[in-house]
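Just below is one structure, and these are the notes that go with it.
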Ligand SMILES: [Zn+2]
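Numbering (our numbering), first residue to last: 5 to 240.
Shown next, in the form of structure tokens:
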């Protein structure tokens, strides 16, 4: 949100990013629905099938559907960065499930360089920064793509793995002593290829990925009547 948006927000009523209702950026009805969606069966294990080699255990706060999907798309691609505060509590839940009582350092998945340039920021890293503030955990934004990546949306599992093989480099972070536990964080997990590549990259600099946490997980079981409806900016 730029300075102009901030000014407009003061004089114009906001629109709910979930249902379009005027007067709230995220209306109470959608807020209640989001809380319900995040209250799924615990623990929220969301390991993809098949599981990419080297992928640490994955926890997700909710299914990538309904109001959760709407909020994530609006946050990432719709310029609704005000939804950071709406989505952060879900990611906090997943972090607590992935590393209960631990102090693993939070490592966000990197934006593609092109997306970083186009959008001028890194929405996942921004979300993870809020989660770090809420949980009191350290955040290390230590991963970067080493070459341009094809957009993952529309790629099948093997193509995603090929697209991502050796794609990330972790800089050795001053706060990360060798063997330090890290949690890998993303907005959505689909095949797990992104998180598996991130795990490889952080291991290469001596860190120890103990788990992964995401806001949401796509359902990988076959859904014949809805096949092909999943799209959007899911990156993993
Ligand atoms: Zn709403």
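Using N, Cα and C, we set each Cβ at its ideal position, and we do this for glycine too.
Check your understanding: Do you know whose CA, among 159, 168, 41, 145, lies nearest residue 204's CA?
Key -> Here the question's residue 204 lines up with position 200 in the chain shown. Taking only the C-alpha atoms, the option nearest residue 204 is 168.
Exercise for review: Go ahead and pull the three-state DSSP assignment for residue 139.
Suggested key: The residue given as residue 139 occupies position 135 in the chain shown. In the structure shown, the three-state DSSP call for residue 139 is helix.
Check your understanding: How about residue 141 and residue 111: are their beta carbons less than 8 Å apart?
Key -> As a working mapping, residue 141 is identified with position 137 in the chain shown. As a working mapping, residue 111 is identified with position 107 in the chain shown. No, these two residues do not count as a Cβ contact at 8 Å.
Practice item. With residue 218 as the anchor, note down where its beta strand (DSSP E) starts and where it stops. Key: The residue given as residue 218 occupies position 214 in the chain shown. In the DSSP assignment, residue 218 falls within the beta strand (DSSP E) that extends over 212-221.
Review point. Less than 8 Å separating the beta-carbons of residue 101 and residue 72?
Key: Here residue 101 refers to the residue found at position 97 of the chain shown. Here residue 72 refers to the residue found at position 68 of the chain shown. Against a cut-off of 8 Å, the Cβ pair of residue 72 and residue 101 comes out as no contact.
Practice item. Might you give, ordered along the chain, the residues of its own chain that have their beta carbon closer than 6 Å to the beta carbon of residue 38, omitting 5 neighbours on each side? Key: As a first step, residue 38 is located in the chain shown; it is residue number 34 there, counting from the start. Non-local C-beta neighbours of residue 38 in its own chain, meaning closer than 6 Å and more than five positions away in sequence, comprise 71, ordered along the chain.
Practice item. Could you tell me if residue 104 is buried or exposed, where buried requires 16 or more neighbouring beta carbons within 10 angstroms of its beta carbon? Key: Here residue 104 is taken as the residue at index 100 of the chain shown, counted from 1. Counting other Cβ atoms within 10 Å of its Cβ, residue 104 stays below 16 and is therefore classed as exposed.
Exercise for review: Could you please give the first and the last residue of the uninterrupted beta strand (DSSP E) stretch that includes residue 73?
Suggested key: Start at 1 with the first residue of the chain shown, and residue 73 comes out as number 69. From DSSP, residue 73 is part of no beta strand (DSSP E) but of the alpha helix (DSSP H) over 70-80.
Point to revise | Given 8 Å, three or more beta-carbon pairs between the segment 148-167 and the segment 182-200 | key: Here the segment 148-167 makes contact with the segment 182-200; the two share three or more CB pairs at distances below 8 Å.
Check your understanding: Does DSSP put residue 19 in a helix, a strand or coil?
Key -> Against the chain shown, residue 19 aligns to sequence position 15. In the structure shown, residue 19 adopts extended strand secondary structure according to DSSP, grouped into three states.
**Study point:** Pair within 8 Å by beta-carbon distance, residue 214 and residue 98
**Key:** As a first step, residue 214 is located in the chain shown; it is residue number 210 there, counting from the start. As a first step, residue 98 is located in the chain shown; it is residue number 94 there, counting from the start. No, the pair does not count as a contact, with Cβ atoms beyond the cut-off.
Check your understanding: Out of curiosity, what's the CA-to-CA distance linking residue 55 and residue 62?
Key -> To locate residue 55, count along the chain shown from 1; it is residue 51. To locate residue 62, count along the chain shown from 1; it is residue 58. Between the C-alpha atoms of residue 55 and residue 62 there is a straight-line separation of about 10 Å.
Review point. Near ligand 1, which residues have their beta-carbon less than 5 Å from any of its heavy atoms, given in chain order?
Key: Having a Cβ closer than 5 Å to some heavy atom of ligand 1 are 20, 22, 23, 25, 31, 34.
Point to revise | Beta-carbon proximity check, residue 79 vs residue 91, cutoff 8 Å | key: Taking the first residue of the chain shown as 1, we reach residue 79 at position 75. Taking the first residue of the chain shown as 1, we reach residue 91 at position 87. In contact: residue 79 and residue 91 (Cβ atoms closer than 8 Å).
Review point. So what does DSSP say about residue 24, is it helix, strand or coil?
Key: What you label residue 24 is simply residue 20 of the chain shown in a count that begins at 1. Looking at residue 24 - three-state DSSP - the assignment turns out to be coil, as it is neither helix nor strand.
Review point. Leaving out five residues before and five after residue 189 in sequence, what residues of the same chain have Cβ atoms less than 6 Å from its Cβ?
Key: As a working mapping, residue 189 is identified with position 185 in the chain shown. Around residue 189: 110, 112, 132, 217.
Practice item. State the beta-bridge partners of residue 112 as determined by DSSP. Key: As a working mapping, residue 112 is identified with position 108 in the chain shown. Residue 112 pairs with 189.
Check your understanding: Skipping 5 residues on each side, what residues in its chain have a beta carbon closer than 6 Å to that of residue 115?
Key -> Position 111 of the chain shown, counted from the start, is the residue given in the question as residue 115. If we look at residue 115 and ignore the five residues flanking it on each side, its Cβ neighbours are 126.
Review point. Looking only at C-alpha atoms, which of 222, 209, 19, 173 sits nearest to residue 149?
Key: Here residue 149 refers to the residue found at position 145 of the chain shown. Minimum Cα-Cα distance from residue 149 among the listed residues 222, 209, 19, 173 corresponds to 173.
Check your understanding: If we ignore side chains and look at the alpha-carbon of each, how far apart do residue 47 and residue 83 end up?
Key -> Start at 1 with the first residue of the chain shown, and residue 47 comes out as number 43. Start at 1 with the first residue of the chain shown, and residue 83 comes out as number 79. With a pLDDT of only 48 at residue 47, under the threshold of 50, the placement of this residue in the model should not be trusted, and no figure is reported.
Review point. Any idea if residue 154 is buried or exposed, counting beta-carbon neighbours within 10 angstroms, 16 or more meaning buried?
Key: As a working mapping, residue 154 is identified with position 150 in the chain shown. Exposed: under 16 other Cβ atoms inside 10 Å.
Point to revise | Backbone CA spacing between residue 202 and residue 65 [nearest angstrom] | key: Taking the first residue of the chain shown as position 1, residue 202 is located at position 198. Taking the first residue of the chain shown as position 1, residue 65 is located at position 61. Spanning the two alpha carbons is a distance of roughly 20 Å.
Exercise for review: Mark residue 60 as exposed unless 16 or more other C-beta atoms lie within 10 angstroms of its C-beta, in which case mark it buried.
Suggested key: By one-based count along the chain shown, residue 60 stands at place 56. That one is buried.
Check your understanding: In terms of residue numbering, what span does the alpha helix (DSSP H) encompassing residue 85 cover?
Key -> Your numbering for residue 85 matches position 81 in the chain shown. Careful: residue 85 lies outside any alpha helix (DSSP H) and carries neither H nor E.
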